[in-house]
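The structure under discussion appears below in the form of structure tokens.
Here you go:
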């Protein structure tokens, strides 16, 4: 899957979150990293070039810090200009493509709820993006939210790295697909490491788990197919 | 009440809706008309000047066409720059001020509902603005929505003109206050018109209605005060 990451951040170079995400994505070959505020400091987009980038991608990701419960201005400049229907060139065909969001917030995610500090959920604040996906026929994917990145422990950051890489390279968030992905990544890594035997053990255990999961799924399907008497 | 109308529209000069609203506001002395895309074509705001405008207003109105279920980029540039907390100057004190929205849509307002074309209500799509008001301590006012302006009849346009003038000059949308406002406007107009006697009759009828309304309110309050036996 080819993924286009459209990043809106007026202060990209000073963002620890964005630096971490960029490092996490570096080893992924099918990912295009596109920082709007750096490519277009004056926010005047090259409409034709942008539409070609969209056309080449299977998944488009809007990646931004939550500013005023929306995205920074550069993403709106992109939307206003690149997706405008008045331009002589026809809009790209979005059907079959996915729209993902990677949104970082300075506030604890728990605060996004009725009666709490931010009053509404992030699903509610991000409705306009759901509307956009619907409008242009993109498949809207559950956003990946990164809250208070600087407070994350090392372990939480490693978990985020995996989740983020999966978000960029997998079409869905299903458990079985994520599990298979982990096994493949481990198999690649194992060749370049000293702890090969130990890792081979972990992979075997994961594969056994995977078979067990498949068995369970089959049993469940069988049970569903047999009516009770 | 002093009202600052902050307008975001990348094609302001070609908008029939905006031309109509500008003409409607022209006779109002306490209204500051502020077209972001014309004052700042490069979207680099004068933060200090903008904060002074805010400080002088009792009501701030964001006026824009709904682009991608949000405002055009210039409003986000304004929010990102003018309301940023990193700037050395302190933010204006928003307490006691009102935030209003005047939003025009190309789609019929009925389509903003579950199961209809736009899926969600405008209240839902505009949540980020409710969040902004809450965040900076502005009082959020129910938005004035203008749907499919070009399809409005002459009578509907006259009604919009009145509603819009009231939105800019009154603090609330209560019926009694709007009625009083109408009487005052008529009394001013009557002096410059030929149909003076006819209009005087209309004003008398409206004033009688107003008294009737006051009577009704008082009766209701009296009834509420007396417990049933």
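Chains as they are written, first to last, in the working numbering: chain A, 1 to 229; chain B, 1001 to 1229. Heads up, the beta-carbon is just placed ideally off N, CA and C, and yes, glycines get one too.
As assigned by DSSP and simplified to three states, the class of residue i
i, result
"residue 1100/B", "strand"
"residue 1074/B", "helix"
"residue 220/A", "helix"
"residue 147/A", "strand"
"residue 1068/B", "coil"
"residue 1059/B", "strand"
"residue 1105/B", "strand"
"residue 159/A", "helix"
"residue 1139/B", "strand"
"residue 1188/B", "helix"
"residue 229/A", "Annotation note: pLDDT 41 at residue 229/A (below 50); position unreliable, no value reported."
"residue 1034/B", "strand"
"residue 1121/B", "coil"
"residue 214/A", "helix"
"residue 1170/B", "coil"
"residue 3/A", "strand"
"residue 88/A", "coil"
"residue 1094/B", "coil"
"residue 24/A", "helix"
"residue 1019/B", "helix"
"residue 1010/B", "coil"
"residue 40/A", "coil"
"residue 131/A", "helix"
Beta-carbon proximity of residue i to residue j, cut-off 8 Å
i, j, result
"residue 27/A", "residue 161/A", "no"
"residue 164/A", "residue 1076/B", "no"
"residue 105/A", "residue 66/A", "yes"
"residue 144/A", "residue 167/A", "yes"
"residue 1169/B", "residue 1055/B", "no"
"residue 1020/B", "residue 1129/B", "no"
"residue 1132/B", "residue 68/A", "yes"
"residue 184/A", "residue 206/A", "no"
"residue 64/A", "residue 5/A", "no"
"residue 1220/B", "residue 1203/B", "no"
"residue 155/A", "residue 108/A", "no"
Burial state of residue i (16 or more Cβ within 10 Å)
i, result
"residue 228/A", "Any reading at residue 228/A needs caution, since the residue's pLDDT is 47, under 50, leaving its predicted position unreliable; the model's value is listed next. Looking at its Cβ environment, which holds fewer than 16 other Cβ atoms inside 10 Å, residue 228/A is exposed."
"residue 87/A", "exposed"
"residue 1059/B", "buried"
"residue 1224/B", "exposed"
"residue 216/A", "exposed"
"residue 1222/B", "exposed"
"residue 83/A", "buried"
"residue 1127/B", "buried"
"residue 1003/B", "buried"
"residue 41/A", "exposed"
"residue 1267/B", "Residue 1267/B cannot be examined here, being either before or after the span of chain B that is shown, 1001 to 1229."
"residue 1177/B", "exposed"
"residue 1009/B", "buried"
"residue 73/A", "buried"
"residue 101/A", "buried"
"residue 1071/B", "buried"
"residue 1118/B", "buried"
"residue 48/A", "exposed"
"residue 1218/B", "exposed"
"residue 1045/B", "buried"
"residue 214/A", "exposed"
Selected residue, minimal CA-CA separation from residue i, among the options
i, options, result
"residue 81/A", "43/A, 64/A and 72/A", "43/A"
"residue 79/A", "135/A, 105/A, 114/A and 116/A", "135/A"
"residue 110/A", "141/A, 84/A and 122/A", "122/A"
"residue 1095/B", "1138/B, 1126/B, 1054/B and 1066/B", "1138/B"
"residue 53/A", "41/A, 69/A, 36/A and 208/A", "36/A"
"residue 57/A", "70/A, 98/A, 90/A and 71/A", "98/A"
"residue 51/A", "63/A, 32/A, 92/A and 69/A", "92/A"
"residue 1015/B", "1181/B, 1180/B, 1150/B and 1154/B", "1150/B"
"residue 1171/B", "1034/B, 1140/B and 1186/B", "1140/B"
"residue 1210/B", "1090/B, 1033/B, 1186/B and 1175/B", "1175/B"
"residue 1142/B", "1115/B, 1120/B, 1173/B and 1186/B", "1173/B"
Item checked: Near-chain B residues of the segment 76-96 of chain A - C-beta to any C-beta below 8 Å -> Within the segment 76-96 of chain A, the residues whose Cβ lies closer than 8 Å to some Cβ of chain B are 76, 77, 79, 80 and 83, listed in chain order.
Next item on the list: May I ask you to list, following chain order, the residues of the segment 29-48 of chain A that have a beta carbon less than 8 Å from some beta carbon of chain B?
Entry: So the close ones are 42 and 43.
Check: For the segment 1143-1159 of chain B, which residues have a beta carbon sitting closer than 9 Å to at least one beta carbon of chain A?
Finding: If the cut-off is 9 Å between Cβ atoms, the segment 1143-1159 of chain B has nothing near chain A.
Notebook entry, point to check: the segment 113-128 of chain A: which residues have C-beta closer than 8 Å to a C-beta of chain B, in chain order?
Noted result: Listed by position, the residues of the segment 113-128 of chain A near chain B (Cβ gap below 8 Å) are 118, 119, 120, 124, 125, 127 and 128.
Margin query: Taking beta-carbon pairs under 7 Å, can you tell me which members of the segment 1051-1077 of chain B lie near chain A?
Written below: Along the segment 1051-1077 of chain B, going in chain order, the ones with a CB nearer than 7 Å to a CB of chain A are 1067, 1068, 1069, 1070, 1072, 1073, 1076 and 1077.
Checklist line | Proximal residues, the segment 131-143 of chain A versus chain B, C-beta separation under 9 Å | finding: Taking 9 Å as the Cβ-Cβ cut-off, the segment 131-143 of chain A approaches chain B at 131, 132, 134 and 135, given in chain order.
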